[in-house]
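In our numbering, the protein residues as written are 897 to 1394.
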């Protein structure tokens, strides 16, 4: 499995090919023919340029890449994609285009057509990165994978990921994020996916888009670039997505395959493929389940164990198995690859200390992911004391107080025993919890440092503690503090107070 930055210099394009792809013109005073000037690899940041790279000089509100062309030249950039001819270093070779960002996207679209690979694209309101990571792990034992790194999921990162794919890539796995309507449409038209996955329609981006149906409209833009005879994989438990694919007015389904993943066998939606879970168990070591795959000709099943936390990871495992199945991989081989999967930091890591269990889900939070986490903690912890250290959820718009209240109430209903909280609007979260369980012990703090110190001294042997908040609140520091101070728990066994 290869990621951006791990296989630099795999792209080979001639100067003539670049100019043609971006509808630009070459500036070549080297005396060498355009066809023989070859660039390998791409960079949009002069600090990461390697010899032979194409340097793309992007412009933004606070930066202008043209100012760094000389620096890129000193590091060995072979060709420059620029809009200002005056910025081309002396003796260098360039391609001039009116808009370098558009040029980057056109070049990525061109290169995608050159790749002899399957493109799998993932979007959704929550869980895109976790889904992407698990698909990558699942397919890595069967295919040569090139996958989005970090948060390279926007109008710059996605083209850069495509352009860094080695020529022998068999599966190109891309994540598609959004900040505005139309962005996923653009990304899908660049990537031209063969398989598109929509994880869910939730409240993330509701501040920007206003309603779940507007979010649905934005996320389903991924279908705009989906190739004929490609496959759309949707969440079969999501009412908005089911409404969308059930609409008889959508003629595009005549040229697409359809697939669903769900926690139980769906009863109504007719699709080409479906996968669902049975016999799901959660423990301190991870998740076990039986996955059943059905298509028009047969039914197969496989037992799966993954070292991860959360109900959402059950669906991620199903998505991963289904992607591999559609691509022709054996379920047993995908299962074996999944068994080695570990989530990225802060995305549902189960940390077994000497005295208690920490669930580090601190990377991000939404109402849906919070509620799923509470249910998962209940299933995993059983009779053990369940503590939640929670922070605020961002980008929820005017409904934020109501949604925080809902999450707090859910925590109480799912059996969270003690609540620690800090961050924006957690007072509504606390109110929600107390509305369901007035006697629940609740502690609020001004910052994560105070919360960490109190929580470290509060924990007892065998406690299970969930740590979750929007990324901006820095709750990963709480997880680090708890693990670092693991031994303190044994010093006050049985006390569990502040």
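Don't be surprised by glycine CBs; every beta carbon is placed ideally from N, CA and C.
Status (buried if at least 16 other CB within 10 Å, exposed otherwise) for residue i
i, result
"residue 1248", "exposed"
"residue 958", "exposed"
"residue 1219", "buried"
"residue 1131", "buried"
"residue 1225", "buried"
"residue 1276", "buried"
"residue 1107", "exposed"
"residue 1194", "exposed"
"residue 1256", "buried"
"residue 1369", "buried"
"residue 1206", "buried"
"residue 1300", "buried"
"residue 1374", "buried"
"residue 1136", "buried"
"residue 978", "buried"
"residue 1335", "exposed"
"residue 908", "exposed"
"residue 1289", "buried"
"residue 1221", "buried"
"residue 1240", "exposed"
"residue 1124", "exposed"
"residue 1298", "exposed"
"residue 1319", "buried"
"residue 1208", "buried"
"residue 1390", "Residue confidence for residue 1390 is low, a pLDDT of 43 falling below 50, so the modelled location carries little weight and cannot support an answer."
"residue 1386", "Only weak support is given to the placement of residue 1386: the predicted model assigns it a pLDDT of 49, under 50, and the value that follows is read from those uncertain coordinates. Label assigned to residue 1386: exposed."
"residue 1089", "buried"
"residue 1024", "buried"
"residue 932", "exposed"
"residue 1272", "buried"
"residue 927", "exposed"
Anticipated Cβ contact below 8 Å, residue i with residue j, distance rounded
i, j, result
"residue 1138", "residue 1087", "In fact, because the Cβ distance is near 25 Å, the residues do not count as touching under 8 Å."
"residue 1326", "residue 1315", "7 Å"
"residue 1358", "residue 1280", "5 Å"
"residue 951", "residue 915", "Contact flag wrong, Cβ pair sits at about 15 Å."
"residue 1214", "residue 1173", "6 Å"
"residue 947", "residue 969", "Not a contact, Cβ separation roughly 11 Å."
"residue 1066", "residue 1014", "7 Å"
"residue 1157", "residue 1129", "7 Å"
"residue 1022", "residue 1098", "5 Å"
"residue 1309", "residue 1332", "6 Å"
DSSP bridge partner residues for residue i (one or two, in chain order)
i, result
"residue 1041", "1067"
"residue 922", "991"
"residue 1178", "1183"
"residue 1364", "1286"
"residue 1338", "1315"
"residue 1373", "Per DSSP, none; premise fails for residue 1373."
"residue 976", "951, 990"
"residue 909", "935"
"residue 1171", "1157, 1189"
Task: In chain order, each beta strand (DSSP E) run of at least 3 residues that lies wholly inside the region 931-971 - done: Within the region 931-971, the complete beta strand (DSSP E) runs of at least 3 residues are 934-936, 950-952.
- [ ] Tell me, please, whether the region 1031-1047 touches the region 1111-1131 by the rule of three or more beta-carbon pairs shorter than 8 Å.
- [x] At 8 Å Cβ cutoff, the stretches do not touch.
- [ ] Would you list, in sequence order, the uninterrupted beta strand (DSSP E) runs of no fewer than 3 residues that lie entirely inside the region 1180-1258?
- [x] Within the region 1180-1258, the complete beta strand (DSSP E) runs of at least 3 residues are 1182-1191, 1195-1202, 1245-1248, 1253-1256.
- [ ] Could you tell me which uninterrupted alpha helix (DSSP H) segments, each at least 4 residues in length, are contained entirely in the region 1269-1333, listed from first to last along the chain?
- [x] Listed in chain order, they are 1296-1309, 1322-1332.
Task: Segments assigned alpha helix (DSSP H), at least 4 residues, entirely inside the region 978-1063 - done: Within the region 978-1063, the complete alpha helix (DSSP H) segments at least 4 residues long are 996-1010, 1024-1035, 1053-1059, listed from N- to C-terminus.
- [ ] Decide if the region 1232-1244 is in contact with the region 1338-1346; the criterion is three or more beta carbon pairs, one per stretch, under 8 Å apart.
- [x] In short, these stretches do not touch, since the Cβ pair count stays below three.
Task: In chain order, each alpha helix (DSSP H) run of at least 4 residues that lies wholly inside the region 1074-1162 - done: Complete alpha helix (DSSP H) runs here, min 4: 1079-1087, 1102-1105, 1108-1115, 1135-1142.
Task: Three-pair Cβ contact test at 8 Å for the region 1059-1075 versus the region 1039-1049 - done: Taking a cut-off of 8 Å for Cβ pairs, the region 1059-1075 and the region 1039-1049 touch, as three or more such pairs fall below it.
Open item on the list: Does the structure place the region 997-1017 close enough to the region 1185-1193 that three or more beta carbon pairs sit under 8 Å?
Closed with: In this structure the region 1185-1193 does not touch the region 997-1017; the number of beta carbon pairs closer than 8 Å is below three.
Open item on the list: I'd like to know if the region 995-1002 and the region 915-929 are in contact, where contact means that at least 3 CB-CB pairs between them fall below 8 Å.
Closed with: In the pairwise beta carbon analysis, the region 995-1002 is classified as touching the region 915-929: at least three pairs are separated by under 8 Å.
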